[in-house]
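In what follows, a single structure is set out as structure tokens and then discussed.
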Amino acid sequence: AQSVTQLGSHVSVSEGALVLLRCNYSSSVPPYLFWYVQYPNQGLQLLLKYTTGATLVKGINGFEAEFKKSETSFHLTKPSAHMSDAAEYFCAVTEGYGNKLVFGAGTILRVKS
Amino acid sequence: DGGITQSPKYLFRKEGQNVTLSCEQNLNHDAMYWYRQDPGQGLRLIYYSQIVNDFQKGDIAEGYSVSREKKESFPLTVTSAQKNPTAFYLCATLAGANRAQYFGPGTRLTVL
Chain X
225 AQSVTQLGSH VSVSEGALVL LRCNYSSSVP PYLFWYVQYP NQGLQLLLKY TTGATLVKGI
285 NGFEAEFKKS ETSFHLTKPS AHMSDAAEYF CAVTEGYGNK LVFGAGTILR VKS
Chain S
60 DGGITQSPKY LFRKEGQNVT LSCEQNLNHD AMYWYRQDPG QGLRLIYYSQ IVNDFQKGDI
120 AEGYSVSREK KESFPLTVTS AQKNPTAFYL CATLAGANRA QYFGPGTRLT VL
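Sequence lines, in order, name chains X and S. For the first sequence, this note's numbering begins at 225 and goes up steadily by one. For the second sequence, this note's numbering begins at 60 and goes up steadily by one.
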């Protein structure tokens, strides 16, 4: 079965600093990979996805992620954090029949002014 | 206005009662999913449905039931057999070739 590991349940950065949220997955076949963001008491919003093709994927709100097969990683970055980026972020990978998603435990991002 | 709606937003239930959570979509997506979210555990799959009148168990189906009588609707029933039902429940649909799941706003269920 697939698994997804997000390093760091909480990450704190200053406004304007680089955001780096880490995600590693276990998969023996090329996966589909996703990053979602969740604000308190809301559903998940898709930030970006990797299916095939270019390994550097750009998403909404200035976020991007790079698929590195050799490292089984899909880390999320943003060059300059904004206060509105404070939220919980989830990395997910598809698994098997039915395009089911397996999620990491999430990383709460705090942005300090 | 296209999208996924879940109702109610907040739901309170007494122990021993069954309760049904609604999920409706007008995106014309074939596949629908139910997830449960608990703090620090990410999301876990309860049930999913690829087409009308067909559905499969996910990782934590015990104590839950679903139906898929219409393409637009995928209600989830939390039965009295679910030992710890207090959680945030999220419904999602799959955008075909896009391969991404899109989520509704969620229902927070609290057992009193």
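Yeah, the Cβ is synthetic: ideal placement off N, Cα and C, and Gly gets one too. Computed from a prediction, not measured in an experiment: that's the story for all the values here.
C-alpha gap between residue i and residue j, whole angstroms
| i | j | result |
| --- | --- | --- |
| residue 146 of chain S | residue 100 of chain S | 11 Å |
| residue 258 of chain X | residue 225 of chain X | 17 Å |
| residue 164 of chain S | residue 293 of chain X | 33 Å |
| residue 77 of chain S | residue 126 of chain S | 15 Å |
| residue 308 of chain X | residue 245 of chain X | 16 Å |
| residue 138 of chain S | residue 129 of chain S | 22 Å |
| residue 336 of chain X | residue 315 of chain X | 23 Å |
| residue 113 of chain S | residue 91 of chain S | 11 Å |
| residue 84 of chain S | residue 110 of chain S | 14 Å |
| residue 141 of chain S | residue 74 of chain S | 10 Å |
| residue 115 of chain S | residue 295 of chain X | 33 Å |
| residue 182 of chain S | residue 269 of chain X | The requested residue 182 of chain S is not part of the displayed model; chain S covers only 60 to 171. |
| residue 321 of chain X | residue 170 of chain S | 33 Å |
| residue 338 of chain X | residue 261 of chain X | Beyond the ends of chain X as shown, which are 225 and 337, falls residue 338 of chain X; an answer cannot be given. |
| residue 86 of chain S | residue 65 of chain S | 14 Å |
| residue 301 of chain X | residue 242 of chain X | 7 Å |
| residue 263 of chain X | residue 68 of chain S | 15 Å |
| residue 122 of chain S | residue 136 of chain S | 9 Å |
| residue 265 of chain X | residue 148 of chain S | 11 Å |
| residue 273 of chain X | residue 161 of chain S | 12 Å |
| residue 238 of chain X | residue 284 of chain X | 20 Å |
| residue 151 of chain S | residue 97 of chain S | 17 Å |
Simplified DSSP state of residue i, which is helix, strand or coil
| i | result |
| --- | --- |
| residue 128 of chain S | coil |
| residue 48 of chain S | Residue 48 of chain S falls outside the range modelled here, since chain S spans only 60 to 171, and no answer is possible. |
| residue 304 of chain X | coil |
| residue 238 of chain X | strand |
| residue 74 of chain S | coil |
Neighbourhood of residue i by C-beta, 7 Å cutoff - its chain only, sequence neighbours within 5 removed
| i | result |
| --- | --- |
| residue 118 of chain S | 103 and 104 |
| residue 329 of chain X | 230 and 233 |
| residue 290 of chain X | 279, 280 and 299 |
| residue 332 of chain X | 233, 234 and 312 |
| residue 120 of chain S | 105 and 106 |
| residue 255 of chain X | 249, 317 and 318 |
| residue 240 of chain X | 304 and 305 |
Contacts around residue i, its chain only, beta-carbon distance under 6 Å, and the 5 residues preceding and following it disregarded
| i | result |
| --- | --- |
| residue 282 of chain X | 288 |
| residue 326 of chain X | 226, 228, 317 and 319 |
| residue 275 of chain X | 256 |
| residue 286 of chain X | 302 |
Chain-order list of residues whose beta-carbon lies under 8 Å from that of residue i (same chain, five-residue window excluded)
| i | result |
| --- | --- |
| residue 324 of chain X | 318 |
| residue 134 of chain S | 79, 80, 81, 82, 125 and 126 |
At 3 residues or longer, what runs of the beta strand (DSSP E) sit wholly inside the segment 88-132 of chain S?
91-96, 102-110, 113-116 and 123-125
Counting only Cβ-Cβ distances shorter than 7 Å, please list the residues of the segment 77-105 of chain S near chain X, keeping chain order.
90, 99, 100, 101, 102 and 104
What residues from the segment 230-261 of chain X come within 7 Å of chain S, judged by C-beta to C-beta, listed N to C?
233, 256 and 258
Return the residues of the segment 115-135 of chain S that lie within a Cβ-Cβ distance of less than 8 Å from chain X, sorted by chain order.
115 and 117
Which ranges does the alpha helix (DSSP H) cover as unbroken runs of at least 4 residues, wholly within the segment 279-328 of chain X, from first to last along the chain?
none
Beta carbons nearer than 7 Å to chain S: which residues of the segment 305-316 of chain X have them?
314
Using a Cβ-Cβ cut-off of less than 9 Å, give me the residues of the segment 286-301 of chain X that come near chain S, in sequence order.
none
When you check each C-beta in the segment 261-277 of chain X against every C-beta of chain S, which residues fall closer than 9 Å?
262, 265, 266, 267, 268, 269, 270, 273 and 275
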